[in-house]
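Heads up: the structure comes next, in structure tokens.
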Amino acid sequence: MNKKNSVFIATSLDGYISAKNGGLDWLNSIPNPDHDDMGYIAFNKEIDALVMGRKTFETVLGFDVDWPYDKPVFVLSNSLKEIPASLKEKAFLVNGTLTEILAQIHKKGFYRLYIDGGTTITNFLNEDLIDEMIITTIPILLGGGAPLFSELPNELKFELIGTKTYLNQIVQSHYRRKR
689 MNKKNSVFIA TSLDGYISAK NGGLDWLNSI PNPDHDDMGY IAFNKEIDAL VMGRKTFETV
749 LGFDVDWPYD KPVFVLSNSL KEIPASLKEK AFLVNGTLTE ILAQIHKKGF YRLYIDGGTT
809 ITNFLNEDLI DEMIITTIPI LLGGGAPLFS ELPNELKFEL IGTKTYLNQI VQSHYRRKR
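All letters in the sequence shown, in the order written, are residues 689 to 867 by this note's numbering.
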């Protein structure tokens with residue numbers, strides 16, 4: 689029972705995770721003819737479940753693809769009333785404090801969690817609940833949009849575990865929380 693909350697996310701050079709219009713097309717701005725997953729499959733093998741906010745969940749629902757996750761997805765929301773019927777055994781609504789939510793998820797046997805979505809990541813950081821971050825930087829300046837990080841109440845120190853380069857342009861940095 690090794691508990692770990694991990695972030696795996698892409699950002700622009702200027703620190704945005706979506707464009708001003710909420711768009712994500714910029715994520716594909718670097719040609720990837722061989723469909724390199726940039727470490728996502730290996731990362732996915734190390735997690736038990738995902739935790740994401742309502743906005744991220746709704747964004748994923750808007751993609752013109754089949755449900756992309758093979759692990760349970762816990763959706764943080766106080767406003768959503770139900771999960772679409774097609775996702776009843778794949779996604780689950782949770783609410784409460786983050787400590788209460790984590791207790792609910794851990795009680796179900798999920799301990800290694802992928803934390804996704806800008807607001808959700810910030811909320812976890814505010815509570816010092818992120819253990820590692822894998823941040824992939826795409827070489828583009830968006831000039832605005834949704835920032836990866838917002839103001840935090842306290843300084844949090846992380847140490848660099850490693851860096852990889854993909855497609856000769858994309859840099860992925862792996863950080864672990866220094867406690």
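Just so it is clear, CB atoms sit at the ideal spot from N, CA and C, and this is done for glycine as well.
In this text, all values refer to a predicted model and were calculated from it rather than measured experimentally.
Asked: Rounded straight-line distance, which links the Cα of T807 to that of M726; Found: 24 Å
Asked: The segment 725-740 / the segment 827-846 touching (three or more Cβ pairs under 8 Å); Found: no
Asked: Length-filtered (4 minimum) alpha helix (DSSP H) runs lying within the segment 721-802; Found: 728-733, 742-750, 786-795
Asked: Sequence-distant residues of the same chain with beta carbon closer than 7 Å to L786, five excluded per side; Found: N811, F812, E815, L817
Asked: Limits of the alpha helix (DSSP H) - the one that F696 falls within; Found: From DSSP, F696 is part of no alpha helix (DSSP H) but of the beta strand (DSSP E) over 692-700.
Asked: Where the alpha helix (DSSP H) containing G850 begins and where it ends; Found: Where G850 is concerned, there is no enclosing alpha helix (DSSP H), although the beta strand (DSSP E) it sits in stretches over 846-854.
Asked: CA-to-CA distance, S767 to R867, given in whole angstroms; Found: 34 Å
Asked: Residues sharing a beta bridge with A834, DSSP; Found: S706
Asked: Member of K796, I823, V748 whose CA lies at the smallest distance from the CA of T853; Found: I823
Asked: Beta-ladder partner(s) of E820, from DSSP; Found: S694, R864
Asked: Interface flag, G797 vs chain C, CB-CB below 7 Å; Found: Given the protein chain composition of this structure (a single chain), no chain C is represented.
Asked: Rounded separation between Y802 and N693 - CA only; Found: 6 Å
Asked: Same chain, Cβ closer than 7 Å to W755, five either side skipped, listed in chain order; Found: L775, K778
Asked: Rounded separation between E788 and N856 - CA only; Found: 43 Å
Asked: 8 Å contact criterion, which S861 and L848 should meet: CB distance rounded; Found: 6 Å
Asked: Closest by C-alpha distance to I809, when choosing among K759, G750, M821, V753; Found: M821
Asked: Alpha-carbon spacing of F780 relative to D724, whole angstroms; Found: 30 Å
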